[in-house]
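**Q**
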Amino acid sequence: MKRKLSNWALFLIFLLGFFVLAACSDSETGQGDDQSDKKEEPSAEDPITLSFFSADGTEKEFNDPVAQKITEETGIKLELDYPVGGNDEAIPLMIASGDYPDLIFAKGDIGKLIEAGGVIKLDDLIEEKGENLKAMYGDQINRLRNSIEDPSIYTVGTYGVENAYWETSGTFQIQLDVLRELGYPEIKTLEDFEAALTEYYEKYPEIDGQKTIPLSLLGSDWRWLITVGDPAGFAAGLAGDGQWAVDDETGEATYKFLLPELKEYFKWLNGLNAKGLLDPESFTQTYDTYISKLSSGRVLSVADQNWDFADADKALVADGKEWRTYAPLPVTLGEGYKSQSLKNYGFSGGWGIAISSTSEYQEEAFEFLDWMASEEAQILVNWGIEGENYDIVDGKRVMQEDDRERMNNDKDYSKETGVGYYIYPFPQWGNGAVDSTGQPITPNSEEQIIENFNTAEKEVLEEYEMENWIDCFPSTEELGISKHGQAFNYTIPAGSDLQIIQQKADDLTEQRITQAILGDPADFDKAWDDMIAELEAMNISKANEEMTKMVQDTMELWGTNE
Amino acid sequence: MSRENNSASAQSNLPETSSPVERQIRIGSGITKNNKKPYTKSFWKRASKQKALLLMSIPFVIWLLVFKYIPIAGWVMAFQDYKPQFGFFEQEWVGWKHFKDLFNEPMFYTALENTLGMGILGLVFGTVSAIVFALLLNELRFLTLKKWTQTISYLPHFVSWVIVANIVITMLSQEGIFNNILVGLGIIDQPINYMAKPEMFWGIVTLSDVWKETGWNAIIYLAAMAGVDPQLYEAAKVDGASRIRQMWHITLPSIRAVIIVLLILNIGNLINIGFEKQMLLGNNIVMEKALVIDLYALDYGIGMFRYSFGTAIGIFKSVISVILILICNSVAKRIGEGRVF
Amino acid sequence: MKKKWTVFDIVLTIFMAFVIVVTLYPFLNILAISLNDAVDTARGGIHIWPREFTLANYQEIFGSNDLLFQAFLMSIIRTVVGTITGIIASTMLAYTLSRKDFVLNGFVGLLLVLTMFISGGLIPEYMLIRNLGLINDFSVYILPMLLTAFNVIVIRSFMDNLPVALEESAKIDGANDFVIFSKIIIPLCMPVIATIALFLAVAQWNSWFDTYLYARGNEALTTLQFELMKILDNANISSGDINSQNAEVIAGKTNPQSIKMAITIIATVPILLVYPFLQKYFVTGLTLGAVKS
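Chains as they are written, first to last, in full-length UniProt numbering: chain A, 1 to 562; chain B, 1 to 341; chain C, 1 to 293.
#1: Under a Cβ-count criterion, where at least 16 other Cβ atoms within 10 Å of its own Cβ denotes burial, should Arg245/B be classed as buried or exposed?
#2: According to DSSP, Met399/A sits in a beta bridge with which residue or residues?
#3: Quick one: list the residues of chain A neighbouring Thr170/B, beta-carbon separation under 8 Å, in chain order.
#4: Mind pulling the chain C residues with CB within less than 8 Å of Val302/A?
#5: Would you please verify whether the beta carbon of Lys321/A is less than 8 Å from any beta carbon of chain C?
#6: Report the partner residues of Gly332/A according to the DSSP bridge assignment.
#7: So for Ile481/A, helix, strand or coil by DSSP?
#8: Spatial neighbours of residue 565/A within its chain, please: CB distance less than 6 Å, with the 5 preceding and 5 following residues excluded, ordered by chain position.
#9: If we count Cβ pairs, one from each stretch, closer than 8 Å, do we get three or more for the segment 173–192 of chain A versus the segment 300–308 of chain A?
#10: Report the rounded CA-to-CA distance for Leu145/B versus Ala52/B, giving the unit in angstroms.
#11: Hey, is Gln174/B's beta-carbon within less than 8 Å of any beta-carbon in chain A?
#12: Helix, strand or coil: how does DSSP classify Tyr159/A here?
#13: Nearest CA to the CA of Leu190/A: which residue from Asp247/A, Pro330/A, Gln439/A?
#14: Going by beta carbon distance, what residues of the same chain come within less than 6 Å of Glu252/A, once the five residues before and after it are set aside?
#15: Rounded to whole angstroms, what's the CA-CA distance from Thr91/C to Ala197/C? Just pull it up for me.
#16: Ordered along the chain, which non-local residues of its own chain (more than five positions away) have a Cβ less than 7 Å from that of Asp311/A?
#17: Hey, quick one: how far does the alpha helix (DSSP H) through Pro231/A stretch, first residue to last?
#18: Cβ closer than 7 Å: which chain A residues qualify as neighbours of Arg130/C?
#19: Could you compute how far the alpha carbon of Glu162/A sits from the alpha carbon of Gly119/B?
#20: Would you identify the three-state DSSP class for Asn36/C, choosing helix, strand or coil?
#21: Could you confirm whether any beta carbon from chain B is found closer than 8 Å to the beta carbon of Gln448/A?
#22: Counting only runs that start and end within the segment 79–135 of chain C, where is the alpha helix (DSSP H) found for 4 or more residues in a row?
#23: Determine the chain C residues that contact Phe99/B at a beta-carbon separation under 7 Å, and present them in chain order.
#24: For Ala290/B, decide whether its Cβ has a neighbour in chain A, counting only Cβ atoms nearer than 8 Å.
#25: Going by DSSP, what residues sit across from Tyr255/A in a beta bridge?
#26: Determine the direct distance from the alpha carbon of Pro230/B to that of Lys260/C, and round the result to whole angstroms.
#27: Nearest to Phe316/B by alpha carbon, out of His98/B, Val258/B, Lys197/B?
#28: Whose Cβ in chain B lies nearer than 8 Å to the Cβ of Phe283/A?
#29: Counting only the same chain and skipping the five closest in sequence on each side, list residues whose C-beta sits under 7 Å from that of Leu146/C.
#30: Is there a Cβ of chain B sitting closer than 8 Å to that of Pro144/C, yes or no?
#31: So who's on the other strand from Arg145/A, going by DSSP bridges?
#32: Measure the C-alpha to C-alpha separation of Val331/B and Leu135/B and round it to an integer number of angstroms.
#33: Could you confirm whether any beta carbon from chain C is found closer than 8 Å to the beta carbon of Arg306/B?
#34: What span of residues does the alpha helix (DSSP H) with Phe201/B cover, start to end?
#35: Tell me, to the nearest whole angstrom, how far the beta carbon of Ile255/B is from that of Ala224/B; I am working on the premise that it is less than 8 Å.
#36: Just curious, the beta strand (DSSP E) that Glu446/A is in, first and last residue?
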């Protein structure tokens, strides 16, 4: 034992020595770097490095082929920083210490940076040398403005300008096999939906030896909003305004759970639960359990977004269970309601990339952002490099076969090649935009979406005599363009009554609605009325007023209120 | 001043214990009594004789002041509407506003009740399970098994709550192993959805915690048991004491000081139970039993950038903790059962 | 000296075997999922054995980050240095506090204990570290974590329990306090020192937030836990600010369960190896015997 111990000691001494050496050499190289950071004209040979904080960033070096090309064209390298582990104190620490990166994508926290003077106004820069940005935003440029009181532009980017809608992000979805089995019925209302589930469930109480689950939700964590709260709004024909129901004409905003239509939806869920059609674990299961149930093919329907159960979809296809995958349906409470799944919200503005007030390279940073809005840059970030990722065939861009394949199936594709990686949250054209030659700027197209449907989906679509699932939804044109954008995208002042009341109301409704759904149908009305009374007691009308003012201010700022 | 008086008198009032050797140890530790000169002797005179001790503690006192007490200046935030762009003393002062907001909030009282409830359950079951486990492990004859149990029992400590909560919820689900066994044995005829029972939530949290942390918490007690003089056991064996009697009369009293100290520290921490396990195990059905102060502080304080409000909650918690620990410490000293400071 | 096994021994052995099974399960579960195909894992139902064995999850982690080896070394260095300095500091302070005749005893004790229950919050702490110039410096791993009140108090209460006759006789022989501390107290305290060493090592090994806050500007200082955290990036979502658009981005960032489990294994196995090494200090009677001889 004595010997062992001294070996251990030796090891420690070695490590200590190592550390001392390492520490010494570090500090020297660190200082060397500072010296070379002198202000120079950016060029491809000697690029300047801009630090870029992105609230939605992921771990990534700026060294893929597309990034190299960007550096070549602009002389700019990006050094990405992001809140690791979902840390939400990054912005306050930035403000407290005054150490700002050059570029900041702060999402909803931008208001604090503006208040703290941490970011600069871009109006003059856009006027002077923002040709590409001006071309991109056109008459939508007002939507970048900060507020009625301070109508300056601080940020650019995030969402696309000019979007087309070729798919729903998700809504009520039913298994393809249910549609086939029932002879392809028309399902437009909750009533139809329930009838289909009931009929199939009676026929097949078990699937592959396991109990059939007619409808499963995931209401045990934040996904409550995705699978319980949002679908209620969709069924009532509300647009995607988060927790709000907004009248797009008057700007009148109401906390949506106050509406009788939503009560009707939850009453329906309550009925489903009483009839044994709702998965009793909907509000207690974990996400993993939910996905594994869906993957087993025994869940007949979901009210979920596609991205939320993509893993289950993959597993089903891998198992050859295409008929157990799901078809989106324009289900609403009844004939009078329109599913808003294909709603065009216009350019939402609000969030975007800002340039910090302490940056040494404000001009260069702006030029970089402007360049990112150019046609050349947009084609680069969307398509990659000509000859490597795409070719020009008959004057049209065509993605190379293996790139197209990887783009659909390999989640590391965009990280490795950079293709598609630098679109969000930079200024970007939407998928409906075309370049100067009339070709679409993004490689997505409706044909491609249709091509990617699995065999079962194609068969079902044929039976319904449709090309694409969206054909049975109210069209984008029919629904019109939103004048106020989307209410959840607004920056609500920290510590305001609106913010606090909404948080309390959200906490309350999630609990009360869950309890009401799981309760006895005879008690539902009372439970609902009690909840409304509690909401009123927490002064929800004040939140309604403040939200209405925000919507109206936004419409005034954007010039959409006439 | 009176502190030393207390501890000195406490030592002479030691309750008689069965083991003679034990007593001998306690009497032996009366060194302080012999060393203790009358308090009238000046501070500086005593200090001058303790140069080595002073040298060994002053650097750390400075460390404590710098790293732990300077940041306390941040507490002024609770009386301001803190905006990070200004320094701590250039803010707008609002007095007790944030405290008033806090005490007028019904949710806060729910959170306080749940925090204390789960805190006390966790303290009782956590402490008892760790001590019992350490005692039993110490008695294990089969040495290989002892080593393995010790090593394996502390593994769950390294598994994050995200994963543990997942396993617990899966096991307790309607198709989970727990329901399968109970239905199989005919104890219940319908599977029970345990996670949807608010009245069971505290229990589930406590048991999960015991499962995860018992092995880890037992380490300290095992270390304390390693310090027990084997001659005590030899003597007891000669007296014909059974194993359980030995545990009760030798092992436990020998580690009593450690138990008491940990107990006091943990009582001080009753209110600091974190929020991770409650957040991960909880759901909307049981939220009225799952909301704890730290979760409330996160959602309504820092999560909303209300730094001042968050700080006010922090100060409230600190005050409760300090009161608790001062009470426990003085009670422990009064009954002669060790001290924390 | 062979003794008969009693009923007590048998029941106890069975009970402990049960404890092993129950506490080993989560770890085996993680290991099995980490070695299972990621798509297959979505189907659920994996317990202690992988269904579709693969090393792809580990390959993906090691392939996605070329800093891992360097980060691993830094983690070891900070753990070793942090543990040693922590032990030295905690035992010294604990010794002074165990001396009831020490003039500063009550004051320092209170000062220390209070730090367990009060904290200035993140912003003031960050500003302090920044003003001390510790940002991007190795010492930021060591200095702020030098002392933990809990550890010091545990050591001190162990010291309180030591037979003091030895200390007295050394005093009579004219040894000063420092000699008593290093020559007599330290050897007697090995079990508790081993325990605290374990606590310190685990705390050092597991911490990643300080790397993120204070040292992410210096690549040489990156640690294993931080690099793994970046891969994991388990977007910790509080219910407040979810909406369909940002949730999609967050969901896109989350990794398959299998990767998370593989990360857990890589992150914890090295530190698990410390305990068996320390275990020998937990043998009953070792210390007193050593002192007597």
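Note that CB positions come from ideal geometry on N, CA and C, so glycine has one too.
**A** In short:
#1: One-based indexing of the second sequence puts residue 245/B at position 245. Exposed, because fewer than 16 other Cβ atoms sit within 10 Å of the Cβ of Arg245/B.
#2: Within the first sequence, numbered from 1, the residue matching residue 399/A stands at position 399. DSSP output for Met399/A lists Tyr390/A as bridge partner(s).
#3: Numbered from 1 along the second sequence, position 170 holds the residue referred to as residue 170/B. Here the neighbours are Thr286, Asp288, Thr289.
#4: Working through the first sequence from its first residue, we reach residue 302/A at position 302. Contacts between Val302/A and chain C, judged by CB atoms closer than 8 Å, are missing: the closest CB pair is about 15 Å apart.
#5: Locating residue 321/A in the first sequence gives position 321, where the first residue counts as 1. So, not an interface residue.
#6: Counted from its first residue, the first sequence places residue 332/A at position 332. A quick correction: the sequence has Thr, not Gly, at residue 332/A. Per DSSP, Thr189/A.
#7: Within the first sequence, residue 481/A is the residue found at index 481, counting from 1. Note: Ile481/A maps to strand in three-state DSSP.
#8: Residue 565/A lies beyond the stretch modelled for chain A, which goes from 1 to 562, so this question has no answer here.
#9: With a cut-off of 8 Å on Cβ pairs, the segment 173–192 of chain A is in contact with the segment 300–308 of chain A, counting three or more such pairs.
#10: Position 145 of the second sequence, counting from 1, holds the residue named residue 145/B. Position 52 of the second sequence, counting from 1, holds the residue named residue 52/B. For Leu145/B and Ala52/B, the distance between alpha carbons rounds to 45 Å.
#11: Along the second sequence, one-based indexing puts residue 174/B at 174. Answer yes: the Cβ-Cβ gap between Gln174/B and chain A drops below 8 Å somewhere.
#12: On the first sequence, position 159 is the one that residue 159/A refers to. Note: Tyr159/A maps to coil in three-state DSSP.
#13: Here residue 190/A refers to the residue found at position 190 of the first sequence. Nearest of Asp247/A, Pro330/A, Gln439/A to Leu190/A, Cα basis: Pro330/A.
#14: The residue you call residue 252/A lines up with position 252 of the first sequence. Correct list, in chain order: Thr548.
#15: As a first step, residue 91/C is located in the third sequence; it is residue number 91 there, counting from the start. As a first step, residue 197/C is located in the third sequence; it is residue number 197 there, counting from the start. Between Thr91/C and Ala197/C, the C-alpha separation is close to 11 Å.
#16: Within the first sequence, residue 311/A is the residue found at index 311, counting from 1. Taken in chain order, the residues that qualify are Ile291.
#17: Numbered from its first residue, the first sequence carries residue 231/A at position 231. Residues 230–235.
#18: To locate residue 130/C, count along the third sequence from 1; it is residue 130. Ser97, listed in chain order.
#19: Taking the first sequence and counting its residues from 1, one reaches residue 162/A at position 162. Taking the second sequence and counting its residues from 1, one reaches residue 119/B at position 119. Looking at the two C-alpha atoms, the distance is approximately 54 Å.
#20: As a working mapping, residue 36/C is identified with position 36 in the third sequence. The answer is strand: DSSP assigns Asn36/C an E or B state.
#21: One-based indexing of the first sequence puts residue 448/A at position 448. Output row for Gln448/A: interface = no.
#22: 105–114, 122–131
#23: Within the second sequence, numbered from 1, the residue matching residue 99/B stands at position 99. Taking a Cβ-Cβ cut-off of 7 Å, Phe99/B has no neighbours in chain C, whose nearest Cβ is about 16 Å from it.
#24: If you number the second sequence from 1, residue 290/B lands on position 290. It does not: the Cβ of Ala290/B has no partner Cβ on chain A nearer than 8 Å.
#25: As a position in the first sequence, residue 255/A is number 255, starting the count at 1. Paired residues: Trp244/A.
#26: Here residue 260/C refers to the residue found at position 260 of the third sequence. Here residue 230/B refers to the residue found at position 230 of the second sequence. About 46 Å.
#27: By 1-based counting over the second sequence, the position of residue 316/B is 316. In terms of Cα proximity to Phe316/B, the closest of His98/B, Val258/B, Lys197/B is His98/B.
#28: Against the first sequence, residue 283/A aligns to sequence position 283. The answer, in chain order, is Ala196, Asn283, Asn284, Ile285.
#29: Counting from one through the third sequence, the residue named residue 146/C turns up at place 146. Excluding sequence neighbours, Leu146/C sits near Thr85, Gly86, Ala89.
#30: Residue numbering aside, residue 144/C sits at position 144 when the third sequence is read from its first letter. It does; some Cβ of chain B falls within 8 Å.
#31: In the first sequence, counting from the first residue as 1, residue 145/A sits at position 145. Arg145/A pairs with Ile153/A.
#32: As a first step, residue 331/B is located in the second sequence; it is residue number 331 there, counting from the start. As a first step, residue 135/B is located in the second sequence; it is residue number 135 there, counting from the start. The straight-line gap from Cα to Cα measures roughly 26 Å.
#33: By one-based count along the second sequence, residue 306/B stands at place 306. Taking Cβ atoms only, chain C never reaches closer than 8 Å to Arg306/B, which makes this a no.
#34: Counting from 1 along the second sequence, the entry for residue 201/B is found at position 201. Unbroken alpha helix (DSSP H) run through Phe201/B: 198–226.
#35: Working through the second sequence from its first residue, we reach residue 255/B at position 255. Working through the second sequence from its first residue, we reach residue 224/B at position 224. About 4 Å separates the two Cβ atoms, so the contact holds.
#36: Counted from its first residue, the first sequence places residue 446/A at position 446. Glu446/A -> not in any beta strand (DSSP E); alpha helix (DSSP H) instead, spanning 446–451.
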